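Undergrad: Sequence lines, in order, name chains F and E.
Per the numbering used here, the first sequence starts with residue 30, numbered consecutively.
Per the numbering used here, the second sequence starts with residue 30, numbered consecutively.
Number of protein chains: 2
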Amino acid sequence: MRRANLRYKPRMTLPRLTNAQAPLTQEVSVLNERGEGETLSIPAERALTVYVDKTELLTVMTLGTSPELLVLGWLRNQRLVEQLEEVVSITVDWDCGEHGEGAAAVATRGGLRDLEAKTAKKTVTTGCGQGSVYGGLMDALDGVRLDEAAQLKKSDLLGLLDAVRRQETTYKSAGSVHGCALFEGPKLLFFVEDVGRHNAIDTIAGWMWMQGLASANKVLYTTGRLTSEMVMKAAQMGVAVVVSRSGITAMGHEIAQKLGVCAIGRAINSRFVVYSAANRLKFEA
Amino acid sequence: MRRANLRYKPRMTLPRLTNAQAPLTQEVSVLNERGEGETLSIPAERALTVYVDKTELLTVMTLGTSPELLVLGWLRNQRLVEQLEEVVSITVDWDCGEHGEGAAAVATRGGLRDLEAKTAKKTVTTGCGQGSVYGGLMDALDGVRLDEAAQLKKSDLLGLLDAVRRQETTYKSAGSVHGCALFEGPKLLFFVEDVGRHNAIDTIAGWMWMQGLASANKVLYTTGRLTSEMVMKAAQMGVAVVVSRSGITAMGHEIAQKLGVCAIGRAINSRFVVYSAANRLKFEA
């Protein structure tokens, strides 16, 4: 006998993602200021062209850490895909060109709706790596509702900053990349680096989506500045607290205030400033 | 009597540019890590929508230092305008919207050629602020020929770094912006900051164009990383030496080597590394 209040929800089929790997750094010979030869590591930077159902959509420059999650998160943050089930698979191949160019083939269940309309209006933003925001993103802000109860304890913020400091990174070995991390309190859930900070946040969005994670009480950490687009992307992901090693721009500040995003900047070791929604940060005795 | 080898070139009419001004910083109230109130400066970030002959082209997020030169340089670096005479005027107005949005009205002599074709293929890059490179930029590399004789003395490089250090900046007062400067030897010609480093380099391109400056023996300094697009833009401007406070990515390195751009990174005070075309840097006794 089947009870009426027990709903059998068929388990959602997750998109099939490849796990394409490529070296994240390479060694180069340089001269130092005394004219002496040295060997240094520098981060990879690869062109990844995204095809959706065999139609070329765009080319992204990326470090190449998690290209499948990057593409998935990008599709979501651009609101080109609304439901995870729409994506059947994302297949990345790094051996498509003579310079290590890659291709990401996205197969969808029924095509992307309104693709032309959504990609028609371009905004070139302050973003690193994922700078293009298609039109309508600003409009979408009206629909953003963050959990009013989402908070972070100061002790957890300090724990978070300590975890960031201890993380092994491409930045430490090669420089010139941005890092982004998702936390639950002081607990590091996912960490990613990319040549652009927007790639990094998109990759986190892709990861959250695959995990089916609710974003209330998640905290987003970024090494990059809190520009308008960074704050918007966090809010769209439902994240109410963002922490940056760097500062904030006026528009990032305005949007954070408007949406109630607690924006914390200049956060290194035990120092930080709270730019907005300070009620979300709990200064304990 | 007119001599055959004396050509009278009519003096070119320069585009008329407005000189739109807007505050570069604003003060905000923050809490510090002890929960105490403080006042901090943060940099402005404005949406500037570019209209070419009344057709909307794109929206750029910018600090707003030199919006007219930014738009001019952007049009050039995207190869949407080939000759300065094609541009009649650029008129910027910062009072177009309730949040201080701006509009840049570009009037051209005969319209932009191939606008649709040139804006059809998008690349989302690692760039801050000016991230979108339209297709064909990579193709354009084949046409780049840098002056083989262009060199920089180490003493001039150190003088350049000292001038950067002494420069009064929005970065020093408000953080969160990138700076870019054009030098001739150790002499600072033009300095600009923006929320995105690509905006900054585009503004320099616009300034050089208006000045009619030859770019041989010019040096471009940037606080940002030397990604593929930064090196490409410098090379397209004819600049053979680029200096960054930050590092280089693998693709920036590859392109610098291919084009013979002397890429110098990690340059602070008297320290630096030379990544490519080291023959252009003269280590004197």
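Ideal placement from N, C-alpha and C gives every residue a C-beta, glycine not left out.
All values reported here derive from a predicted model rather than from experimental measurement.
#1: What's the C-alpha gap between A243 (chain F) and M266 (chain F)?
#2: Let me know the secondary structure DSSP gives V272 (chain E) once reduced to three states.
#3: Please list the residues of the stretch 100-113 of chain E that have a C-beta atom closer than 9 angstroms to any C-beta atom in chain F, keeping them in chain order.
#4: Taking 7 angstroms as the cut-off, is the beta-carbon of D231 (chain E) closer than that to any non-hydrogen atom of the ligand SAM?
#5: What does A279 (chain E) reach in chain F if we use C-beta pairs closer than 7 angstroms?
#6: Assuming A229 (chain F) and G208 (chain F) form a contact by the criterion Cβ under 8 angstroms, report the distance between their Cβ atoms to the nearest whole angstrom.
#7: Which residues bound the beta strand (DSSP E) around G131 (chain E)?
#8: For a contact meaning CB atoms closer than 7 angstroms, what does Y304 (chain E) contact in chain F?
#9: Could you spell out where the alpha helix (DSSP H) holding L98 (chain F) opens and where it closes?
#10: Report the three-state DSSP secondary structure of M280 (chain F) (helix, strand or coil).
#11: Near L77 (chain E), which residues of its chain fall below 8 angstroms by C-beta distance, leaving aside the five closest residues on each side in sequence?
#12: Report the rounded CA-to-CA distance for A73 (chain F) versus G139 (chain E), giving the unit in angstroms.
#13: Would you call the stretch 101-117 of chain F and the stretch 47-63 of chain F in contact, with 3 or more CB pairs under 8 angstroms?
#14: For Q286 (chain E), which residues from the same chain have a beta carbon less than 7 angstroms from its beta carbon, with the 5 sequence-adjacent residues on both sides left out?
#15: Which one of E:M280, E:T278, E:T256 and E:C291 has the shortest CA to CA distance from K247 (chain E)?
#16: In angstroms, rounded to a whole number, what distance separates the CA positions of K150 (chain F) and R195 (chain E)?
#17: With 8 angstroms as the threshold, decide whether the Cβ of S275 (chain E) is near any Cβ in chain F.
#18: Roughly how many whole angstroms lie between the Cα atoms of R174 (chain F) and V116 (chain E)?
#19: For R195 (chain E), would you say it is in contact with chain F, using Cβ-to-Cβ distances shorter than 8 angstroms as the test?
#20: With H, G and I counted as helix, E and B as strand and the rest as coil, what does DSSP make of R295 (chain E)?
#21: So what's F312 (chain E) in DSSP terms, helix, strand or just coil?
#22: Taking its Cβ as the centre, do 16 or more other Cβ atoms sit within 10 Å of D231 (chain F), making it buried, or is it exposed?
#23: Do E313 (chain F) and K216 (chain F) count as a contact pair if the criterion is CB distance below 8 angstroms?
#24: Would you identify the three-state DSSP class for K83 (chain F), choosing helix, strand or coil?
#25: My assumption, with CB atoms under 8 angstroms, is that L255 (chain E) sits in contact with L211 (chain E). Please give the rounded CB distance.
#26: Is the CB of V260 (chain E) under 8 angstroms away from at least one CB in chain F?
#27: In the DSSP assignment, what are the bridge partners of K201 (chain E)?
#28: Among residues of its own chain, excluding the 5 on either side of T68 (chain F), which ones have a beta-carbon nearer than 8 angstroms to its beta-carbon?
#29: At what residues does the alpha helix (DSSP H) containing S257 (chain F) begin and finish?
#30: Buried or exposed, going by whether 16 or more other CB atoms sit within 10 Å of the CB of G158 (chain F)?
#31: For T78 (chain F), which of helix, strand or coil comes out of DSSP?
#32: Since A307 (chain E) meets chain C, which of its residues come closer than 7 angstroms, beta carbon to beta carbon?
#33: Are L46 (chain E) and L170 (chain E) touching if we call contact CB-CB under 8 angstroms?
#34: For the stretch 175-209 of chain F, which residues have a CB atom closer than 7 angstroms to at least one CB atom of chain E, in sequence order?
#35: How is N61 (chain E) classed by DSSP in three states: helix, strand or coil?
#36: To the nearest angstrom, how far is it from the Cα of T282 (chain F) to the Cα of V79 (chain E)?
TA: So, from the listed chains and residues:
#1: 9 angstroms
#2: strand
#3: W103
#4: Within the structure as shown, the ligand SAM is missing, as the structure has no ligands at all.
#5: Q55, I71, P72, A73 and E74
#6: 7 angstroms
#7: G131 to T137
#8: V57 and V59
#9: P96 to N106
#10: helix
#11: T88, V89, M90, T91, G93, P96, L99, V100, V121, E130, G131, A132 and A133
#12: 42 angstroms
#13: no
#14: S305
#15: E:C291
#16: Residue placement at K150 (chain F) is flagged as unreliable, the pLDDT there being 47, under the threshold of 50; a coordinate-derived value is accordingly withheld.
#17: yes
#18: 45 angstroms
#19: no
#20: strand
#21: coil
#22: buried
#23: no
#24: coil
#25: Actually they do not touch by this definition, with Cβ atoms about 16 angstroms apart.
#26: no
#27: None, per the DSSP bridge assignment.
#28: E56, V57, S58 and V59
#29: S257 to Q265
#30: Note that G158 (chain F) scores a pLDDT of 29, beneath 50, so its modelled location is shaky and nothing firm can be said.
#31: strand
#32: Looking at the structure shown, chain C is missing, and the protein chains on hand are F and E.
#33: no
#34: G204 and S205
#35: strand
#36: The amino acid at residue 282 (chain F) is misidentified as Thr; the sequence shows His. Answer to the nearest angstrom: the Cα atoms are 24 angstroms apart.
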